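In terms of our numbering, the sequence shown opens at residue 4 and continues consecutively.
Note sheet for the following structure.
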Amino acid sequence: MTSPFPQTFPNTRLRRLRQAGWIRTLSAEHVLTPSDLIWSMVVHDGAEPRIPVGSMPDLYRLNVAEAAKAARKAESLGIPAIAVFPHINPDRKDERGQEALNPSGLVPEVIKAMKDAAPDVGIICDVALDPYTSHGHDGLVDENGYVLNDTTTDILVQQALVQADAGADVVAPSDMMDGRIGAIRQALEEEGHVNTMILSYAAKYASGFYGPYRDAIGSATALKGDKKTYQQNPANSDEALREVAMDIAEGADMVMVKPGLPYLDIVRRVSETFAIPTIAFQVSGEYAQIKAAGDRGWIDGERVMMETLVSFKRAGAAGVITYFAEQAAELLNA
Ligand code: PBG
Numbered sequence: 004m005t006s007p008f009p010q011t012f013p014n015t016r017l018r019r020l021r022q023a024g025w026i027r028t029l030s031a032e033h034v035l036t037p038s039d040l041i042w043s044m045v046v047h048d049g050a051e052p053r054i055p056v057g058s059m060p061d062l063y064r065l066n067v068a069e070a071a072k073a074a075r076k077a078e079s080l081g082i083p084a085i086a087v088f089p090h091i092n093p094d095r096k097d098e099r100g101q102e103a104l105n106p107s108g109l110v111p112e113v114i115k116a117m118k119d120a121a122p123d124v125g126i127i128c129d130v131a132l133d134p135y136t137s138h139g140h141d142g143l144v145d146e147n148g149y150v151l152n153d154t155t156t157d158i159l160v161q162q163a164l165v166q167a168d169a170g171a172d173v174v175a176p177s178d179m180m181d182g183r184i185g186a187i188r189q190a191l192e193e194e195g196h197v198n199t200m201i202l203s204y205a206a207k208y209a210s211g212f213y214g215p216y217r218d219a220i221g222s223a224t225a226l227k228g229d230k231k232t233y234q235q236n237p238a239n240s241d242e243a244l245r246e247v248a249m250d251i252a253e254g255a256d257m258v259m260v261k262p263g264l265p266y267l268d269i270v271r272r273v274s275e276t277f278a279i280p281t282i283a284f285q286v287s288g289e290y291a292q293i294k295a296a297g298d299r300g301w302i303d304g305e306r307v308m309m310e311t312l313v314s315f316k317r318a319g320a321a322g323v324i325t326y327f328a329e330q331a332a333e334l335l336n337a
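Spelled out as structure tokens, the structure:
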């Protein structure tokens, strides 16, 4: 086969374009900026301002006041949006995750405090029951432990409305129930939330990389079994396209691929196939790996952080949800 790009030495020396910083910058195909980042933020309903998360070095659960301060920080760093994840006191968890529907619960409170502090920063809220259920699943379970699709969807619709009422700009269903995007869109329209956006966790895999997150939000010890009957099989790729197509047809404004780095091929396929903003989620386990090796001096943590972040853009992502948002934006602004 002949190449469509005949390149012969020494007419072509590819290293010419790499010889100095200025030409490397000029010929760069992708640039990472703070505006590509979504700050993944864990909040808690206690009084303590900041509680460290053991499996995620330098990450803290923030109380409401600290979260508001962080929103102002996001604004000053040029980070366009924050994705909020709640750690709920175990006393408020139950089988059905009722606390998710409390209009004066942690998430509505955080949304209001952040919007007061930094009205121009977008607030993205996770729609799923796992922070609120005593069993740690994203939905209601039957007597066999199976997560029920349609009854769960009914509750997720109400949860999304509570978030939209509190002022969330984007609701982000991360539960992987079939049909929930359409149901949520319809309810938002009926309630007058016509401009509330939906970022669907469309291609979400049953992944070991979520381990530290379950620790951060306190669902790890609770979780019975795994999430393989609703989250996708890591061996599949075509299935991701079907998930995304369905969510777009049901009204998703943006779609997500999750985890990030091990699924860059999916980011590429989705962003190329569908003309819709595709967001990659660099999840907790990805963060923990880089931090752990960086802290031991086994890799240059900062460098690897930046390398992974630009790789999402190279793969076609419009943005990245990451626990590194603050640190990366500070470096980029320095
Ligand atoms: C669940 C949810 C998860 C994450 C975001 N929403 C974990 C899971 O599915 O168990 C993971 C985030 C991360 O690992 O950083 N609704």
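Positions of the beta carbon are idealized from the N, C-alpha and C atoms, including for glycine.
These figures come from a predicted structure and were not determined experimentally.
State the start and end residues of the unbroken alpha helix (DSSP H) segment that holds residue i.
| i | result |
| --- | --- |
| Pro176 | From DSSP, Pro176 is part of no alpha helix (DSSP H) but of the beta strand (DSSP E) over Val173 to Pro176. |
| Gly125 | That residue, Gly125, is in no alpha helix (DSSP H); its beta strand (DSSP E) goes Gly125 to Val130. |
| Gln161 | Asn152 to Ala169 |
| Gln330 | Ala328 to Asn336 |
| Ile293 | Ser287 to Asp298 |
| Ile279 | Premise fails: Ile279 is in no alpha helix (DSSP H) and is neither H nor E. |
| Arg21 | Note, Arg21: premise wrong, no alpha helix (DSSP H); not H, not E. |
| Glu192 | Arg183 to Glu193 |
Quick one: measure Cβ to Cβ for residue i and residue j, integer angstroms, because I've assumed they're closer than 8 Å.
| i | j | result |
| --- | --- | --- |
| Ser58 | Asp218 | 5 Å |
| Tyr326 | Lys261 | Not really, about 13 Å apart at Cβ, beyond 8 Å. |
| Glu329 | Leu80 | 7 Å |
| Ile126 | Ala171 | 5 Å |
| Leu62 | Val56 | 5 Å |
| Val286 | Gly319 | Val286 to Gly319, Cβ: 18 Å. No contact. |
| Ser30 | Leu20 | 5 Å |
| Gly322 | Ile279 | Gly322 to Ile279, Cβ: 12 Å. No contact. |
| His196 | Ala169 | No, His196 and Ala169 are not in contact; Cβ-Cβ is about 11 Å, not under 8 Å. |
| Gly288 | Gly221 | Wrong, their Cβ atoms sit about 17 Å apart, outside the cutoff. |
| Arg75 | Ala121 | 5 Å |
| Ala68 | Pro52 | 7 Å |
| Tyr149 | Thr232 | 6 Å |
Excluding the 5 residues preceding and the 5 following residue i in the sequence, name in chain order all residues of the same chain whose CB lies nearer than 6 Å to its CB.
| i | result |
| --- | --- |
| Pro89 | Val46, Leu109, Val110 and Pro134 |
| Ala1 | Limits of the chain in this structure are 4 at one end and 337 at the other, which puts residue 1 out of reach. |
| Val307 | Ile293 |
| Thr155 | Gly142, Leu143 and Met180 |
| Ala86 | Ile41, Ser43, Ile127 and Ile324 |
| Lys227 | His138 |
| Leu132 | Gly100, Ala103, Asp141 and Gly142 |
| Glu305 | none |
Along the beta strand (DSSP E) that carries residue i, what are the first and last residues, could you check?
| i | result |
| --- | --- |
| Trp25 | No beta strand (DSSP E) contains Trp25, which is instead part of the alpha helix (DSSP H) from Gly24 to Leu29. |
| Leu40 | Leu40 to His47 |
| Thr311 | Note, Thr311: premise wrong, no beta strand (DSSP E); alpha helix (DSSP H) at Gly304 to Arg317. |
| Thr276 | Taken as a continuous stretch (DSSP letters only), Thr276 belongs to no beta strand (DSSP E), being part of the alpha helix (DSSP H) at Leu267 to Thr276. |
| Gly322 | Gly322 to Thr325 |
In chain order, what residues of the same chain have a beta carbon less than 7 Å from the beta carbon of residue i, not counting five sequence neighbours either side?
| i | result |
| --- | --- |
| His33 | Val313, Lys316 and Arg317 |
| Asp250 | Ile184, Ser203, Ala205 and Val258 |
| Thr276 | Leu244 |
| Asp123 | Glu78 |
For residue i, collect the residues of the same chain with a Cβ closer than 8 Å to its Cβ; drop the 5 residues on either side in sequence, then sort them by chain order.
| i | result |
| --- | --- |
| Thr36 | Gly81 and Leu335 |
| Gly49 | Asn66 and Asn92 |
| Ala223 | Gly139, Gly214 and Arg217 |
| Leu151 | Gly142, Leu143, Val144 and Asp145 |
| Ala248 | Phe277 |
Hey, does residue i have any beta-carbon neighbour from chain C nearer than 8 Å?
| i | result |
| --- | --- |
| Phe8 | No chain C is part of this structure, which consists of one protein chain only. |
Could I get the ranges of all uninterrupted beta strand (DSSP E) runs contained in the region 202-256, with 3 residues as the minimum, in chain order? Taking 3 residues as the minimum length, the region 202-256 contains no beta strand (DSSP E) run wholly inside it.
In the region 50-121, which residue ranges form an unbroken beta strand (DSSP E) of at least 3 residues, counting only runs that do not cross its ends? If we require 3 residues or more, the beta strand (DSSP E) runs fully inside the region 50-121 come out as 53-55, 63-65 and 84-90.
Inter-stretch contact at 8 Å, needing at least 3 Cβ pairs: the region 291-300 / the region 235-246: no
Is the number of C-beta pairs between the region 307-316 and the region 17-25 that are closer than 8 Å three or more? no
Should the region 197-204 be called in touch with the region 264-279, which here means at least 3 C-beta pairs below 8 Å? Judged by Cβ distances under 8 Å, the region 197-204 makes no contact with the region 264-279, as fewer than three pairs qualify.
For the pair the region 251-258 and the region 93-104, tell me if three or more CB-CB distances fall below 8 Å. No, because fewer than three Cβ pairs between the region 251-258 and the region 93-104 fall closer than 8 Å, the two stretches do not touch.
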